[in-house]
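Q: Can you keep this structure in mind? I'll have questions shortly.
2 protein chains.
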Amino acid sequence: MPVVDRPDDRPQRVVVFGAGAVGCYFGAKLAEAGTPVTLIGRAAHMDAVRRDGLLFDSGGVQRRIRLDTDTGAESVRKAHWVLFCVKTRDTEAAARQIAPLLRPDAVVVSLQNGVDNVERLRASGIDALGAVVYVAAAMAGPGHLRHSGRGDLVVGEYGGARGEVAMAGAAQPSARTLAVARLFEGAGVPCRVEADVRAALWDKLVANCAFNAISALTRSRYGPMIDDADVRRLMRETIDECVRVAHADGVALAGTDAQYDAAMRLGEAMREASSSMEQDLSSGRRTEIDSLNGYVCRRGEALGIATPANRTLTTLVRLLERSVTGG
Amino acid sequence: MPVVDRPDDRPQRVVVFGAGAVGCYFGAKLAEAGTPVTLIGRAAHMDAVRRDGLLFDSGGVQRRIRLDTDTGAESVRKAHWVLFCVKTRDTEAAARQIAPLLRPDAVVVSLQNGVDNVERLRASGIDALGAVVYVAAAMAGPGHLRHSGRGDLVVGEYGGARGEVAMAGAAQPSARTLAVARLFEGAGVPCRVEADVRAALWDKLVANCAFNAISALTRSRYGPMIDDADVRRLMRETIDECVRVAHADGVALAGTDAQYDAAMRLGEAMREASSSMEQDLSSGRRTEIDSLNGYVCRRGEALGIATPANRTLTTLVRLLERSVTGG
């Protein structure tokens, strides 16, 4: 077992692997609190950060934050903590890249969309923690992070205590879960801990499945979506399929009514938002559909649960993705 | 009964009501064959046609065709034949406008998308013939018609002999059906006759339901659609729902396999085409979704047939329509 709680030690280095908007946000918060942080990301962003610092743009206030940078994986060797922030379709390739470089006591935390990244990391030999990320942030230009809302986490073991499935209510968060929460809370990042992070990952997946694809296909903000009875019906069908798949998969997720009500509250609170998937497609980029509605379809098929609404949305988003990326 | 077959008479005037691309195409073909034709349409197009003639642009060859024009409904008073070509959402309003102006012996032919225009015209006091239109044409500018494929019709009474439902195989095309076919065939327009035009209208509706909404939502041409197994599955579900609704509605439509095979052949023959709905949305215009997939949903609901695929497509197209029209 790695020793993760050693307050008397020198500061532990955090390496952000795949430093897009999410990775830059949390890396910057930790760096501002005194943690040594290395960002590993694309040259265009890293060059700008090395030269001028990260331009952290939040609520109309801009500041520059100094961070170490790298464009290759070598810096992973120094990491006590790895914030794993790559796009979900790159999880395996990135895991193969960093696995041979990790210190024996390094802890990897997946800060990604979707619910299966920890399993995919395990299959690649990395026993990661899972985190649910709530932050509205985007890269507005090279080295320029624009933050527009929230910035909090839920963290925990995937499936409860490592190597065994947690009993409901019985399990406690693992020591490394508590340690990562202290790291973030110490930097002013609210970080809820869970013994088993799966239900929290699914909560976010359900909301993403209900909003992202519809917003992307119709270039619509959340307000007009939840104002339309037919769209609400489609969102509810999508949510209901997700809940059935999660339950069949043994995840203690709240039911369809609760998830639907939460989605309506989210839409009301974010009437002017459109989904990250909509932004990806508007910019001609690929989406994470295979980790969102597409994942629900695959798990549903494996578990014998019909998912017609999620399947139609997945099919349409993939086709639109090919149209806008020319591939 | 109007006397419609009088070869010894002076040429009968054709009035095109709602002269967009479809109306201009068939009006021009009739005018070139010597039939007096009046186009009634928007001022921008009519002004150009009055000044310079219709610019008829087909297969790389351009010619100018003289036609009478009007921007109000008054010219309908002169019509022996009215080609009724308005957008389906304007059917009732246009019918109210022309009904008081029609000669007692005038015959109205609906050249519109969807399957319920004749019923809607009847409810407005106009006993029209139905026609299925196969033509690829668009207005490329004021008074400028661009024709890119086909140009043929299927015409017949809606529901068979007027006032009664035709017995399968027993009914003959009505006299006015034969007369309108002679008018078009005499102008070189292939015109198939049917005793009951409903199945032919549904054939086209099924193809429209399978292609138009998916093409519009994904900005996709037909080739990439039929190359994708998931899209083919969605198209087949959409077609199957249409066929079930048509059968429940008493329409002798060919089954799902035949309709699906026809759709695949159409997609193969038109790999580079995108749907008129896609073009409408790309240009910020409203679509005819309520007469296509939306109609199938409404009839399905009335007849107790589930139409989840058509419903999802309808919901998404309506929301996208609001995004692009700002309404």
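Top line first, the protein sequences correspond to chains A and B. Note that this note's numbering has the first sequence beginning at 1, numbered continuously upward. Note that this note's numbering has the second sequence beginning at 1001, numbered continuously upward. Think of the CB as a built atom: it goes at the ideal place given N, C-alpha and C, for glycine as much as any other residue.
1. Once you ignore the five residues that flank V49 of chain A on each side, which residues in its own chain have a CB closer than 7 Å to its CB?
2. Using a Cβ-Cβ cutoff of less than 6 Å, which residues in the same chain neighbour P1190 of chain B once the five nearest sequence positions on both sides are dropped?
3. Which residues, taken in chain order from the segment 306-321 of chain A, show a beta carbon closer than 9 Å to some beta carbon of chain B?
4. Cβ closer than 9 Å: which chain B residues qualify as neighbours of T256 of chain A?
5. Can you find the residues in the same chain that come closer than 6 Å, C-beta to C-beta, to M1277 of chain B, ignoring five residues on each side of it along the sequence?
6. Can you tell me whether G327 of chain A is helix, strand or coil according to DSSP?
7. So V245 of chain A and T307 of chain A are in contact, right, with Cβ under 8 Å, and what is the actual spacing, rounded?
8. Residue range of the beta strand (DSSP E) that V1016 of chain B falls in?
9. What number of angstroms, rounded off, separates the C-alpha of I1098 of chain B from the C-alpha of E1032 of chain B?
10. Kindly indicate if chain B contains any beta-carbon less than 7 Å away from that of T218 of chain A.
11. Excluding the five sequence neighbours on either side, which residues of its own chain have a C-beta within less than 7 Å of the C-beta of Q172 of chain A, listed in chain order?
12. What residue does the alpha helix (DSSP H) around T330 of chain A start on, and which one ends it?
13. What residues in its chain sit with their C-beta under 6 Å from that of A1300 of chain B, if we drop five residues either side in the sequence?
14. Contact check, T1238 of chain B vs L316 of chain A under 8 Å by CB: the rounded distance?
15. Measuring straight from C-alpha to C-alpha, what distance separates D290 of chain A and T91 of chain A?
16. With a cut-off of 7 Å, does the C-beta of D1240 of chain B fall near any C-beta of chain A?
17. Per DSSP, which residues does F1026 of chain B bridge with? Please list them.
18. Below 8 Å between beta carbons is the criterion; list the residues of the segment 205-235 of chain A that meet it against any residue of chain B, in chain order.
19. Could you tell me whether the segment 228-237 of chain A touches the segment 1312-1327 of chain B, using the rule of 3 or more Cβ pairs below 8 Å?
20. Using DSSP's beta-bridge definition, name the partner residues of H144 of chain A.
21. Could you confirm whether any beta carbon from chain A is found closer than 7 Å to the beta carbon of S1282 of chain B?
22. On the DSSP letters alone, give me the boundaries of the beta strand (DSSP E) that R64 of chain A sits inside.
23. I'd like the ranges of any beta strand (DSSP E) spanning at least 3 consecutive residues and lying wholly in the segment 268-297 of chain A.
24. DSSP three-state call for A309 of chain A: helix, strand or coil?
25. Quick test of the definition: if touching needs 3 or more C-beta pairs under 8 Å, does the segment 20-30 of chain A touch the segment 129-141 of chain A?
26. Is Y222 of chain A near the ligand SAH, going by C-beta to nearest heavy atom under 6 Å?
27. Give the residues of chain B in contact with S124 of chain A, contact being defined as C-beta atoms less than 8 Å apart.
28. If I'm right that V15 of chain A touches V82 of chain A with Cβ under 8 Å, what's the distance once you round it to whole angstroms?
29. What residue from B:I1305, B:R1042, B:D1240 and B:T1256 has the CA that sits closest to M1139 of chain B's CA?
30. Hey, could you find the ends of the alpha helix (DSSP H) R120 of chain A is sitting in?
31. Going along the chain, which residues of the segment 1265-1293 of chain B sit with their C-beta nearer than 7 Å to a C-beta in chain A?
32. Give the interface partners of S1323 of chain B over in chain A, defined as CB-CB distance under 7 Å, in chain order.
33. DSSP three-state call for A1131 of chain B: helix, strand or coil?
34. Going by other Cβ atoms of all chains shown within 10 Å of its Cβ, with 16 needed for buried, is T88 of chain A buried or exposed?
35. Is it buried or exposed, A93 of chain A, if we count other Cβ atoms within 10 angstroms and call 16 or more buried?
A: Let me lay it out:
1. Result list for V49 of chain A: L39, L67, T69 and G143, in chain order.
2. Closer than 6 Å at the Cβ level, and outside the excluded window around P1190 of chain B, lie D1152.
3. Those would be P308, A309, R311, T312, L313, T314, T315, L316, V317, R318, L319, L320 and E321, in chain order.
4. In chain order: nothing, as chain B lies at least about 17 Å away.
5. Excluding positions up to five away in sequence, the list reads N1212, A1216 and T1287.
6. Correct three-state label for G327 of chain A: coil.
7. With 8 Å as the limit, V245 of chain A and T307 of chain A qualify as a contact, their Cβ atoms being about 7 Å apart.
8. Element bounds for V1016 of chain B: V1014 to F1017.
9. I1098 of chain B and E1032 of chain B have their C-alpha atoms spaced approximately 26 Å apart.
10. Judged by the 7 Å Cβ criterion, T218 of chain A is in contact with chain B.
11. Excluding the 5 residues flanking it on each side, Q172 of chain A has same chain C-beta neighbours closer than 7 Å at A195, in chain order.
12. Coverage of chain A is limited to positions 1 through 327, which leaves residue 330 of chain A absent and any answer about it impossible.
13. Residue 1300 of chain B is actually Gly in this sequence, not Ala. Cβ within range, chain order: V1245 and T1307.
14. Contact doesn't hold; Cβ gap of about 12 Å is too wide.
15. Rounded to the nearest angstrom, the two C-alpha atoms are 12 Å apart.
16. Answer no: the Cβ-Cβ gap between D1240 of chain B and chain A never drops below 7 Å.
17. Note: F1026 of chain B sits in no beta bridge, so no partner.
18. Those residues of the segment 205-235 of chain A that come within reach of chain B (Cβ to Cβ, closer than 8 Å) are I214, L217, T218, R219, S220, P224, M225, D228, D230, V231, R233 and L234.
19. Three or more pairs of CB atoms, one per stretch, sit closer than 8 Å, so the segment 228-237 of chain A contacts the segment 1312-1327 of chain B.
20. A:L55 and A:G141, per the DSSP bridge assignment.
21. No, because no Cβ of chain A sits closer than 7 Å to the Cβ of S1282 of chain B.
22. Here the beta strand (DSSP E) through R64 of chain A covers V61 to I65.
23. Listed in chain order, nothing qualifies, since the segment 268-297 of chain A has no complete beta strand (DSSP E) run of 3 or more residues.
24. A309 of chain A falls in the helix class under three-state DSSP.
25. In this structure the segment 20-30 of chain A lies against the segment 129-141 of chain A, because at least three pairs of beta carbons, one per stretch, are closer than 8 Å.
26. The ligand SAH is not part of the structure shown, which contains no ligands of any sort.
27. None at all; the shortest Cβ gap to chain B is about 28 Å.
28. With 8 Å as the limit, V15 of chain A and V82 of chain A qualify as a contact, their Cβ atoms being about 5 Å apart.
29. Of the candidates B:I1305, B:R1042, B:D1240 and B:T1256, the one whose C-alpha sits nearest the C-alpha of M1139 of chain B is B:R1042.
30. From DSSP, the alpha helix (DSSP H) with R120 of chain A extends over N117 to A123.
31. Residues passing the 7 Å Cβ filter: none.
32. Here the neighbours are T218, R219 and S220.
33. A1131 of chain B falls in the strand class under three-state DSSP.
34. Buried is the call here.
35. Its Cβ having fewer than 16 others within 10 Å, A93 of chain A is exposed.
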